[in-house]
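A short worksheet on the structure shown next.
Below, the structure written as structure tokens:
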């Protein structure tokens, strides 16, 4: 596994253990969506928008603003 992937995996685990109590399933959705959007060539804003849409699909009870805040908290750099 490339070194970058090891770091991202560590970041995802760390994000799931943050005191904000981010649901692990949503953290995985955010990371997977951002990685896929990055590979598709989207810029940072596009990646975040895709992640927000994915969170809203999985959990429609979460407001868009709250979904964006969640993405900003756990987004890998």
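In our numbering, the protein residues as written are -7 to 69.
Ideal Cβ placement from N, Cα and C applies to all residues, glycine included.
As the structure is a prediction and not an experimental result, all values here were calculated from the model.
On the three-state DSSP scale, how would you describe residue i?
i, result
"residue 53", "coil"
"residue 35", "coil"
"residue 65", "helix"
"residue 59", "helix"
Which first and last residues belong to the alpha helix (DSSP H) in which residue i is found?
i, result
"residue 18", "16 to 31"
Does residue i pass the burial test, meaning 16 or more other C-beta atoms within 10 Å, or should it be called exposed?
i, result
"residue 40", "buried"
"residue 25", "buried"
"residue 22", "buried"
Could you pull out every residue in the same chain whose Cβ sits closer than 7 Å to the Cβ of residue i, ignoring the five residues on either side in sequence?
i, result
"residue 44", "56, 59, 60 and 63"
"residue 54", "47 and 48"
Could you pull out every residue in the same chain whose Cβ sits closer than 8 Å to the Cβ of residue i, ignoring the five residues on either side in sequence?
i, result
"residue 28", "42"
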